[in-house]
Each structure stands twice: as structure tokens, then as C-alpha cells.
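Student: Structure incoming, see below.
Numbering (the UniProt record's numbering), first residue to last: 1 to 53.
Rendered as C-alpha cells:
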């Protein structure tokens, strides 16, 4: 199956998803493809930001 995207983002981490989100807020209807190597995303914000909560 062949797929076509207007924009390709490499990396589905926080930065890649934030870029995709911001682009869609500015221009609804964009066809964005996100390429991510790993099947699972293990980001835990409390772990990397510290425990100041």
C-alpha cells in the first residue's frame, strides 16, 4: 500500500509529536506522517523532570 504525506516527521517522541501538534493547530487538515523506530513509547515525565510535585 502506497501512502503519501505532505509532511514527514522523523521521531515520535515529545519533540516530534509537539511539532505535529503545532503544525495541525496552524493548518488543519495537513496529512502528516510520523516515523518512529520503537513500537512502544516509555517516556515518563515525572522521572526526567524530577519530583518537585
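Just so it is clear, CB atoms sit at the ideal spot from N, CA and C, and this is done for glycine as well.
In the structure shown, what three-state DSSP assignment does residue 33 receive?
Tutor: strand
Student: Per DSSP, what kind of secondary structure is residue 53 in: helix, strand or coil?
Tutor: Its pLDDT being 49, under 50, residue 53 is placed unreliably by the model, and nothing is read from it.
Student: Leaving out five residues on either side along the sequence, give the residues of the same chain with a beta carbon under 6 Å from the beta carbon of residue 36.
Tutor: So the list reads 12, once near-sequence residues are dropped.
Student: Can you name, in chain order, every residue of its own chain whose Cβ lies under 7 Å from the Cβ of residue 30, other than the five neighbours on each side?
Tutor: 6, 7, 23, 24
Student: Compute the Euclidean distance between the alpha carbons of residue 16 and residue 2, then round it to the nearest angstrom.
Tutor: 23 Å
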